[in-house]
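Written out below as structure tokens is the structure these notes cover.
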Amino acid sequence: MREDLLAPPRDVDAAVAILRGQRVAVLTGAGISTDSGIPDYRGPGSPPRSPMTFQQFVGDAAYRRTYWARNHVGWRHVHRTRPNDGHLALARMEAAGAVVGVLTQNVDRLHQAAGSRAVIDLHGTYARVLCLGCGMVISRDELAVRLEALNPGFVEAVVADVEIAPDADAVIASTEGFTVADCEACGGLLKPDIVYFGENVPPARVARAMALVDGADALLDAGTSPTLTALAEALGDTHR
């Protein structure tokens with residue numbers, strides 16, 4: 001990849017001039033999803049929090065209870081969100097041949113919902129749940145049914161105190177009394193298919209990401225929706 005293509009453009013016209021005719025890989029983070037109603041980690045509207053580590057999750061039942069209680073509330077918000085203009089613009093650029101793939105640090109699956117096909121979820125997805133014992137995979141929808149049965153009325157009882165946080169998380173006043181669901185197949189610990197702090201991205205996923213970047217001419221670090229929409233209009237037209 002040419003080093004000059006890594007320099008951040010000062011405006012959309014400069015970005016178009018740099019990227020026109022290039023094979024572009026795109027890296028996205030939390031900022032692209034804020035217009036969909038999912039807060040980022042450091043913005044003025046983001047609630048303060050200390051991210052849970054993998055070691056805390058697997059080593060302490062109280063941490064797991066806290067995580068799943070908060071997630072039981074927060075995932076409903078993420079589940080209802082829809083792609084914004086930024087997600088849709090990247091999907092249009094991919095369809096037009098201007099974008100070869102998206103590497104996203106987000107777990108919300110909004111790129112796929114927008115129509116992007118070549119997406120690598122670097123940190124996993126909130127929509128799947130893994131058993132750390134037997135490796136069984138279930139959908140988050142399926143787990144929601146079980147958690148609701150184990151904790152009837154919990155969401156309604158805490159909803160007045162809820163602050164939505166990133167990664168299908170929510171800040172709630174108390175998680176006391178919440179019952180965690182274990183794997184139905186082996187009784188093992190269930191964990192969201194999300195890479196926690198203290199946990200490594202799977203090597204095969206890293207290899208796919210590196211191959212995508214190595215095969216591109218440019219890497220675009222994408223954030224705001226208006227900028228992406230303008231780029232889609234300019235670059236998409238030149239690749240049709």
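Numbering (the UniProt record's numbering), first residue to last: 1 to 240.
Idealized CB from N, CA, C, for every residue including glycine.
Who are the near neighbours of arginine 146 in its chain, counting only those whose CB is closer than 7 angstroms to its CB and skipping five residues on each side? For the purposes of this step, residue 146 is taken as residue 146 along the sequence shown, with counting starting at 1. So the qualifying residues of the chain are Ala181.
Using DSSP with H/G/I as helix, E/B as strand and the rest coil, what is threonine 34? Translated into the one-based positions of the sequence shown, residue 34 becomes position 34. Threonine 34 falls in the helix class under three-state DSSP.
Should phenylalanine 197 go down as buried or exposed, given a rule of 16 or more other Cβ atoms within 10 Å for buried? In the sequence shown, counting from the first residue as 1, residue 197 sits at position 197. With fewer than 16 other Cβ atoms within 10 Å, it is exposed.
To the nearest angstrom, report how far apart glutamate 94 and serine 116 are at their CA atoms. Stepping through the sequence shown from its first residue, residue 94 is reached at position 94. Stepping through the sequence shown from its first residue, residue 116 is reached at position 116. The straight-line gap from Cα to Cα measures roughly 7 angstroms.
Which of helix, strand or coil does DSSP assign to glycine 176? Within the sequence shown, numbered from 1, the residue matching residue 176 stands at position 176. Before going on, a small fix: residue 176 reads as glutamate here, not glycine. DSSP places glutamate 176 in coil when its eight states are reduced to three.
Please give me, in chain order, every unbroken run of the beta strand (DSSP E) with length at least 3 that falls completely inside the stretch 92 to 144. 99 to 104, 119 to 121, 124 to 131, 137 to 139
Going by DSSP, what residue range makes up the beta strand (DSSP E) through aspartate 214? Here residue 214 is taken as the residue at index 214 of the sequence shown, counted from 1. Note, aspartate 214: premise wrong, no beta strand (DSSP E); alpha helix (DSSP H) at 203 to 214.
Own chain, CB closer than 6 angstroms to glycine 101, minus 5 neighbours either side, in chain order: On the sequence shown, position 101 is the one that residue 101 refers to. Cβ neighbours of glycine 101 beyond the five flanking positions: Ala25, Ala118, Leu212.
For threonine 28, report the span of its beta strand (DSSP E) as first-last. Translated into the one-based positions of the sequence shown, residue 28 becomes position 28. Residues 24 to 28.
Could you give the first and the last residue of the continuous alpha helix (DSSP H) run that contains alanine 62? By one-based count along the sequence shown, residue 62 stands at place 62. Residues 61 to 80.
Would you please state the rounded distance, in angstroms, between the beta carbons of aspartate 193 and valine 129? I believe it to be under 8 angstroms. As a working note, residue 193 is residue 193 in the sequence shown. As a working note, residue 129 is residue 129 in the sequence shown. Going by Cβ atoms, the distance from aspartate 193 to valine 129 rounds to 7 angstroms, so yes, they are a contact pair.
Within 10 angstroms of the Cβ of leucine 228, are there 16 or more other Cβ atoms? Answer buried if so, exposed if not. Here residue 228 corresponds to residue number 228 of the sequence shown, with the count starting at 1. Answer is buried; the Cβ neighbour count reaches 16.
Taking DSSP as the reference, what is the three-state secondary structure of glutamate 184? Counting from 1 along the sequence shown, the entry for residue 184 is found at position 184. Reduced to three states, the DSSP call for glutamate 184 is coil.
Close beta carbons around alanine 69, own chain, < 6 angstroms, minus the five adjacent residues each side: The residue labelled residue 69 in the question sits at position 69 within the sequence shown. Taken in chain order, the residues that qualify are Thr175, Phe178.
Endpoints, alpha helix (DSSP H) assigned at valine 158: Taking the first residue of the sequence shown as 1, we reach residue 158 at position 158. Valine 158 -> alpha helix (DSSP H) spans 154 to 158.
According to DSSP, simplified to helix, strand and coil, what is isoleucine 199? By one-based count along the sequence shown, residue 199 stands at place 199. The identity of residue 199 in the sequence shown is glutamate, whereas the question assumes isoleucine. Here glutamate 199 sits in coil by DSSP.
C-alpha distance - alanine 157 paired with alanine 144, whole-angstrom precision: Along the sequence shown, one-based indexing puts residue 157 at 157. Along the sequence shown, one-based indexing puts residue 144 at 144. Taking the straight line joining both Cα atoms gives about 17 angstroms.
Beta-carbon within less than 6 angstroms of threonine 66's beta-carbon, same chain only, minus the 5 sequence neighbours each way: which residues are those? One-based indexing of the sequence shown puts residue 66 at position 66. Result list for threonine 66: Thr175, in chain order.
Using a threshold of 7 angstroms, state whether the C-beta atoms of isoleucine 32 and aspartate 108 are closer than that. By one-based count along the sequence shown, residue 32 stands at place 32. By one-based count along the sequence shown, residue 108 stands at place 108. Taking 7 angstroms as the Cβ cut-off, isoleucine 32 and aspartate 108 do not qualify as a contacting pair.
Who does alanine 218 pair with in a DSSP beta bridge? The residue labelled residue 218 in the question sits at position 218 within the sequence shown. The partner list for alanine 218 (beta bridge, DSSP) reads Val24.
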